Amino acid sequence: MGLNVTKKILKSHLLEGNMLPNEQITIKVDQTLGHDLTGIMAGQILESVGVEKVSTEASVFYCDHNVIAASSENTDDHMYLKTIAQRYGVHFSKPGNGICHFLHVQRFGKPGKVMLGADSHTPTSGALGMIAIGSGGLSVAKCMVGEGFKLTTPKVLNIKLTGELQPGVSAKDITLEALRILSVKGGIGYIIEFTGDGVKSLSIPQRCTIANMTIEMGATTGIFPSDEATFEFLKAQGREEDWVELLPDADVEYEKTIEIDLNTLEPLVAKPHMPDLVVTAREASEVKADSVFIGSCTNASYSDIVKAAKILKGKEVHKNIDLTVGPGSRQVFEQLLADGIIADLVESGARILECACGPCIGIGQVPHKNGVTVRTSNRNFMGRSGSNDAFVYLASPETAAATAITGRITDPRDVFDVSNLKDCVEPLTYKVDDCLIISPKDVEDPKSIEIIRGDNIVPLPERGTLKEKIEATAVLKLGDNITTDDIIPGGANILKYIANIPKFAEYTFCYTDPTFVQRAKELKHTIIIGGENYGQGSSREHAALLPMYLGVEAVFAKSYARIHKENLINYGILPLTFKNKDDYDKIDMNDVFVIDDVYAQADNREVKVRVTNKNIEFTAILDVSDFDKRVLKEGGALNYLKNKLK
Ligand code: MIC
Ligand code: SF4
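Shown next, in the form of structure tokens:
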């Protein structure tokens, strides 16, 4: 039997293991990315393990998240990241150059390569036919210094696209339809590979939109074939030599296949507060909005914004709507300027934002109390937009533009002759200008670079090895689908402390339970109880690091999101699951848990847990690899790495 694209790349990068179901494999990592939130952590790790320089083919740090610099904490972080990049041989993309994922596809991504990115939307580069996986900064730092990436052999889920998108229907609607079918958990354990005739007509930016949101489906990543469209895109970027063809073999089989017929697809929206709560835009047409944002790493390509501008041209933004538009990169922005598109947008009443994440993560444009906002970004979790009571709807640029005109969620086909959108395509050549990238070649003597560390960059907390006996109190009991935004929310006021753990920790679970931090500090040794898919969403490893700092020693959950489970292991917190899920109902907040002989029990995979105040016992499973057990015993990946490189 032949191989699919996923297996071809995994096979060519295999360092250890046999690619058998449920077996762990180690793969070689060619590229990495990080940014001004997660890259700081990677930088601190590079420093604390003391390496000469990174050993990847290309590693890039992008300044794209916290770029408003309302106070010096942000610029401290940027300066630190820049000097770390120069010191260790990492490319540094300056603020204003664009959002990491889109920019990476434009300037660095290569078909057939493997990338580990310190951001959950790293799968965006799957649009080019590469395996691009999101992870925590610590895991990425390990790969930057030459370690392979360990993962359970993924199953491959095939999304077969048939037909062709009809005008007014967008790549975003494909991804929302996939979410409607799969839910936020349906992709867990899979790499999603897109095939079928429908793929051919999709441009690389459209493929980016789709690959980007495979993480929302719980998948490890998403990948497209590398075909003629990939060649045309790379050629337009002046990088045709980076192209290789990568198609699935004819006789290939997938573990699971779903089909989406593009001909019959309609404009869709995801309702608050989950990306899989998908209905048609027409079904949501009663919803009045206060603001609209067109941008983010999901939907801010040239053609995305041109389509929105065309719908808005000659019309006015509704009196009740505040419309903001953020181009995905400086290259996109310059092209929009050259073609008069920005002028059309401004004339209609839009506000133009800089090329950055911005409203997507609550860094600017935080909705007012109970505000309703329609966004082209990828997540609508509670707390994500910088306020805990906003209602975020996710939509395509076309639907967002139509909504900005009417003030209500609107199917673009109801207000515009969408056949006019047919010519809104990507340019045949892009203007290539990397002047906002400091490449390792630009740095003459890396060793002489002084790392600039403002007051906001404080050393990482240390922790000892795993304890022989855990005795801890349940400080929180939570339900299903808890996101990393629930654990540590977004927003400029909070995220500016990303490199200052003691201050950042004060915001842990601040919306979910404002008493959490104080109680955790008083109790000292704690555990958290979670439901299904615990820790879904971003790669924010602080969702593990901050609880660790506050004394959380284990989490008991029904199941975990992949990246968060990795992060828990990396920070030495036991990610336990219930052998019998009903045991979740028997345990409560403030119960006291004792695990004896932790090392021996961890080796057995099954762990007996005594709930001393209730005099009951239950079994938890430590479903991790032998390597992960070793990392846990050493007290986390930082200790492991330090010991290894000693
Ligand atoms: C996000 O979209 O949630 C972020 C902010 O890009 C994160 C990274 C972070 O939390 O630092 C992500 O997706 O991983
Ligand atoms: Fe930035 Fe939003 Fe994309 Fe995260 S999801 S990288 S915050 S644009």
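In terms of my numbering, the sequence shown opens at residue 1 and continues consecutively. For glycine and all other residues, C-beta sits at the position ideal for the given N, C-alpha and C. The model shown is predicted, which means the values in this text are computed figures rather than measured ones.
Cβ-Cβ separation, residue 535 to residue 558 (assumed contact under 8 Å), whole Å:
At roughly 12 Å, the Cβ-Cβ gap does not stay under 8 Å, so residue 558 and residue 535 are not in contact.
Which residues mark the beginning and the end of the alpha helix (DSSP H) in which residue 211 is found?
204 to 212
Can the beta-carbon of residue 494 be found less than 8 Å from the beta-carbon of residue 507?
yes
Sorted by chain position, which residues of the same chain lie with C-beta nearer than 8 Å to residue 504's C-beta, five sequence neighbours on each side aside?
488, 494, 497, 498, 542, 546
State the beta-bridge partners of residue 88 as determined by DSSP.
BP columns for residue 88 are empty, so no partner.
Pull up the DSSP beta-bridge partners for residue 158, would you.
193, 257
What whole-angstrom Cβ distance do residue 295 and residue 353 have, given they're in contact under 8 Å?
7 Å
Could you pull the start and end residues of the beta strand (DSSP E) that residue 608 belongs to?
606 to 611
With respect to the beta strand (DSSP E) encompassing residue 291, which residues constitute its N-terminal and C-terminal limits?
291 to 294
Burial state of residue 271 (16 or more Cβ within 10 Å):
buried
Report the residue ranges of all alpha helix (DSSP H) runs contained in full by the region 211 to 288; include only those spanning at least 4 residues, in chain order.
228 to 236
Three-state secondary structure assigned by DSSP to residue 303:
helix
Would residue 465 be called buried (16 or more neighbouring beta carbons within 10 Å of its own) or exposed?
exposed
Can you say whether residue 630 is buried or exposed, counting buried as having 16 or more other CB atoms within 10 angstroms of its CB?
exposed
Compute the minimum distance between the beta carbon of residue 635 and the heavy atoms of the ligand MIC, and state whether it is under 7 Å.
no
Could you tell me the distance, in whole angstroms, from the CA atom of residue 572 to the CA atom of residue 551?
11 Å
Write down the C-beta distance between residue 66 and residue 248 rounded to the nearest angstrom, noting that I regard them as a contact closer than 8 Å.
Not quite, the Cβ-Cβ distance comes to about 40 Å (not below 8 Å), so this is no contact.
Is it the case that the CB of residue 99 approaches a heavy atom of the ligand SF4 more closely than 7 Å?
yes
From 88, 17, 206, 274, residue whose alpha carbon lies closest to that of residue 152
17
Straight-line CA distance for residue 81 to residue 640?
24 Å
Test item, CB below 5 Å from any non-hydrogen atom of the ligand MIC:
37, 38, 119, 120, 361, 538, 539, 540
Taking the straight line between their C-alpha atoms, what separation do you get for residue 196 and residue 260?
10 Å
Tell me, please, which residues DSSP counts as bridged to residue 310.
According to DSSP, which records beta bridges pairwise, residue 310 is partnered with nothing at all.
Output the distance between the C-alpha atoms of residue 328 and residue 620, rounded to the nearest integer angstrom.
44 Å
Which one of 63, 419, 345, 57 has the shortest CA to CA distance from residue 315?
345
Contact under 8 Å by Cβ, residue 323 with residue 351:
yes
For the beta strand (DSSP E) holding residue 173, just list the boundary residues, first then last.
No beta strand (DSSP E) holds residue 173; the alpha helix (DSSP H) holding it covers 171 to 182.
Assigned secondary structure, residue 19 (DSSP; H/G/I helix, E/B strand, else coil):
coil
Integer-rounded CB distance, given that residue 310 should sit under 8 Å from residue 420
6 Å
Check for me: the beta strand (DSSP E) holding residue 575 runs from which residue to which?
574 to 578
Hey, would you say the C-beta of residue 65 is under 7 Å away from at least one heavy atom of the ligand SF4?
yes
In whole angstroms, what is the alpha-carbon distance linking residue 99 and residue 127?
16 Å
Any heavy atom of the ligand SF4 closer than 7 Å to the beta-carbon of residue 647?
The requested residue 647 is not part of the displayed model; the chain covers only 1 to 646.
Does the beta carbon of residue 380 fall short of 7 Å from some heavy atom of the ligand SF4?
no
How about residue 358 and residue 385: are their beta carbons less than 8 Å apart?
no
Straight-line gap, residue 198 to residue 160 (C-alpha atoms, nearest Å):
8 Å
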